[in-house]
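Asker: In our numbering, the protein residues as written are 10 to 654. Below is one structure. I have some questions about it.
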């Protein structure tokens, strides 16, 4: 590898009024060779910013300064309670604060007060987040607190060398196996962070430490306070590494939001540096004239084609063309599904429940849909609820049934289910979700029945094949889910985060958050543990919802509540975001109180055999504008949850 210092690897300060650096990335290792013994007499460090050596912060005695940057100071300290060496990080944005009375941190000017407080809050939130996890590639936070007008976090004191120094010292670039061993834990750690909607936004070789002895990588310097302060004011230092920062980090670029893809770009740039010895050209220049040669051409023959193509995809300048998530990056580069993703999303193994006898009474519902106050007032006829019939075609009762508690003239009524009650909920935020205009009276709505007629009607499913005849092959909606996700439009990726992946029957509700790279209409289907299929969105209560690009949408909305009740087992959600409205009216859905149940088993197999569209029938048909090109763009993803007693 080249020993020359690549210009683009340097930390740059943009729109600065005070000098600063990114030295706090040292966290707990830059001064690993510092003296271990405490200094008995407090003395001020040369910079004038750090606390005196020998100062006690609760049980922690400061021994030396391990690293000092523009937004924090890291000390080597001794924990007198547990008798161990630790690293103590202090929030200290040097461009806006000063010391007062020895330990107090005070803002120099009132104009900095808002940014200082926002950075302080973000510093504490970062500490709280890291304290939740015990991941081998993430810094562990033992303790954090606010004091002296600032805040502190205590971490292990680790010794090691940064990736940048290790790579620069090596005679040759690291091979593919070495880089894969590095990427596996780092991307797994990022998957943990991204699941909490936290992004590193400063991934670079000098922010990854290889621990002494084990060589295990450790991700350093999240810089949450720095990012928040930079977002609030451009009069202060906004730290960017030109070779690693994607275009969406360079100021307010319309339509370019930051997200998982932001960290993906930096990972790709880090791999580019490992392979070539230099970073890609700055993304701002690449947007105008992209002079970056693809690694699939530059490094062909030294690494596998799939490996290089995955990095090239991660380094696409425009976010919509780039790898959308860490999960996608791992798949493309050849890593298995991350342990973090499996822990959140994988089904718990359960034995499928046997089908009830034909003469058995209807069981309690497994899924309850409650209409909250302010919901659509449906006709009183829908309040009468009879046991739902078994699905035609396979003779099984669906694993997920439902009730709808309706707010009609101020009364809630579903016979026999008084435990389902509406609960107050704040109005939806207009900048997060908008409801598409409803259909005109007499026109088909999203469920395929006239908007003015809401009472449930019996649906006609394909007739069950007699036992003596050859039955159509069994049909699994889960396979259709996979086909839909595989056919999604590149750059239209969708991500879903479940609040809980294991739900207790009659105690927990299904809650999840949807993120989309593009605007679009929301469609959500649930596949039960026995293959039963129902549509959660759109429904006649909530209407057809829209998701805005880059803005999280928390579900369920304020009009319905998804309560779990009944049998245990795994369930699978398909979330589809479509640029165009999609028509499902041709499907033989059974409408129960505004929610649609679809046929399964042999009936669904028959329907699938008759379907001739390019996508499975569950996807519906895009409503293309007359006389114009049809841009049937959509993104889709699958996630799972498990119901337990």
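Glycine is no exception: its CB is placed at the ideal position from the N, C-alpha and C atoms. Because the structure is a prediction, the values reported are computed rather than measured.
Give me, in chain order, the residues of the same chain whose beta-carbon lies closer than 6 Å to that of residue 266; leave out the 5 immediate sequence neighbours on both sides.
Answerer: In the chain shown, residue 266 corresponds to position 257, counting from 1. If we look at residue 266 and ignore the five residues flanking it on each side, its Cβ neighbours are 559.
Asker: For the region 572 to 605, which segments carrying the beta strand (DSSP E) assignment without a break, of at least 3 residues, lie completely within its bounds, in sequence order?
Answerer: 578 to 587 and 599 to 601
Asker: List in chain order: all unbroken beta strand (DSSP E) runs of 3+ residues lying wholly within the region 159 to 240.
Answerer: 159 to 165, 169 to 171, 217 to 220 and 226 to 228
Asker: Just list the beta strand (DSSP E) runs in the region 82 to 120, keeping only unbroken ones of 3 residues or longer that don't cross its boundaries, in chain order.
Answerer: Counting only runs of 3 or more, we get 93 to 100, 106 to 109 and 113 to 116.
Asker: How many Å lie between residue 271 and residue 339 at the Cα?
Answerer: Stepping through the chain shown from its first residue, residue 271 is reached at position 262. Stepping through the chain shown from its first residue, residue 339 is reached at position 330. The alpha-carbon atoms of residue 271 and residue 339 are separated by roughly 15 Å.
Asker: Return the CA-CA distance between residue 512 and residue 282, expressed in angstroms with no decimal places.
Answerer: Numbered from 1 along the chain shown, position 503 holds the residue referred to as residue 512. Numbered from 1 along the chain shown, position 273 holds the residue referred to as residue 282. When rounded, the distance between both Cα atoms is 44 Å.
Asker: Span of the beta strand (DSSP E) holding residue 647?
Answerer: On the chain shown, residue 647 is found 638 positions in, with the first residue counted as 1. 643 to 653 is the span of the beta strand (DSSP E), which, as asked, contains residue 647.
Asker: Drop a sphere of 10 angstroms on the beta-carbon of residue 119, count the other beta-carbons inside from all chains shown, and report buried for 16 or more, exposed for fewer.
Answerer: Within the chain shown, residue 119 is the residue found at index 110, counting from 1. Exposed: under 16 other Cβ atoms inside 10 Å.
Asker: Going by DSSP in three states, residue 521 sits in which element: helix, strand or coil?
Answerer: In the chain shown, residue 521 corresponds to position 512, counting from 1. Strand at residue 521.
Asker: Hey, how far is the Cα of residue 81 from the Cα of residue 122?
Answerer: Residue 81 sits at position 72 when you count from the first residue of the chain shown. Residue 122 sits at position 113 when you count from the first residue of the chain shown. For residue 81 and residue 122, the distance between alpha carbons rounds to 17 Å.
Asker: Leaving out five residues on either side along the sequence, give the residues of the same chain with a beta carbon under 6 Å from the beta carbon of residue 628.
Answerer: For the purposes of this step, residue 628 is taken as residue 619 along the chain shown, with counting starting at 1. Cβ neighbours of residue 628 beyond the five flanking positions: 493.
Asker: Around the C-beta of residue 155, are 16 or more other C-beta atoms found within 10 angstroms, so that it is buried, or is it exposed?
Answerer: The count along the chain shown starts at 1 and reaches residue 155 at position 146. The residue in question, residue 155, is exposed, as its Cβ has fewer than 16 Cβ neighbours within 10 Å.
Asker: On the DSSP bridge list, what partners appear for residue 154?
Answerer: Here residue 154 is taken as the residue at index 145 of the chain shown, counted from 1. Its beta-bridge partners are 161.
Asker: Have a look at residue 635 and residue 518 and give me their C-alpha separation to the nearest angstrom.
Answerer: Your numbering for residue 635 matches position 626 in the chain shown. Your numbering for residue 518 matches position 509 in the chain shown. If you take the alpha carbons of residue 635 and residue 518, they lie about 41 Å apart.
Asker: Going straight from the alpha carbon of residue 103 to that of residue 125, what length do you get?
Answerer: Position 94 of the chain shown, counted from the start, is the residue given in the question as residue 103. Position 116 of the chain shown, counted from the start, is the residue given in the question as residue 125. Rounded to whole angstroms, residue 103 to residue 125 spans 10 Å at the Cα level.
Asker: Does the pairing of the region 156 to 166 with the region 193 to 213 give three or more beta-carbon distances under 8 Å?
Answerer: no
Asker: Let's see if you can read the secondary structure: which residues bound the beta strand (DSSP E) around residue 308?
Answerer: The sequence position of residue 308 within the chain shown is 299, counting from 1. Premise fails: residue 308 is in no beta strand (DSSP E) and is neither H nor E.
Asker: Kindly list the residues whose CB is nearer than 6 Å to the CB of residue 133, restricted to its own chain and excluding five residues on each side of it in sequence; keep chain order.
Answerer: Reading the chain shown from its first residue, position 124 is the one you call residue 133. Only 160 meet the Cβ criterion.
Asker: Looking at the structure shown, is residue 498 part of a helix, part of a strand, or coil, going by DSSP?
Answerer: In the chain shown, the residue the question calls residue 498 occupies position 489. Three-state DSSP puts residue 498 in coil, outside helix and strand.
Asker: Evaluate residue 640 with the Cβ neighbour count: other Cβ atoms within 10 Å of its Cβ, from every protein chain shown; 16 or more gives buried, anything less gives exposed.
Answerer: Stepping through the chain shown from its first residue, residue 640 is reached at position 631. Looking at its Cβ environment, which holds fewer than 16 other Cβ atoms inside 10 Å, residue 640 is exposed.
Asker: Leaving out five residues on either side along the sequence, give the residues of the same chain with a beta carbon under 6 Å from the beta carbon of residue 633.
Answerer: Here residue 633 refers to the residue found at position 624 when the chain shown is read from its first residue. Once the five neighbours on either side are set aside, the close Cβ partners of residue 633 are 639.
Asker: Put residue 629 into one of helix, strand or coil per three-state DSSP.
Answerer: To locate residue 629, count along the chain shown from 1; it is residue 620. Residue 629: coil per DSSP, three-state reduction.
Asker: Quick one: measure Cβ to Cβ for residue 97 and residue 66, integer angstroms, because I've assumed they're closer than 8 Å.
Answerer: Position 88 of the chain shown, counting from 1, holds the residue named residue 97. Position 57 of the chain shown, counting from 1, holds the residue named residue 66. Going by Cβ atoms, the distance from residue 97 to residue 66 rounds to 7 Å, so yes, they are a contact pair.
Asker: Are the CB atoms of residue 198 and residue 144 nearer to each other than 8 Å?
Answerer: By 1-based counting over the chain shown, the position of residue 198 is 189. By 1-based counting over the chain shown, the position of residue 144 is 135. Cβ atoms of residue 198 and residue 144: closer than 8 Å.
Asker: Is it buried or exposed for residue 501, if we count other Cβ within 10 angstroms and need 16 for buried?
Answerer: On the chain shown, position 492 is the one that residue 501 refers to. Counting Cβ neighbours within 10 Å, residue 501 comes out buried, since at least 16 surround it.
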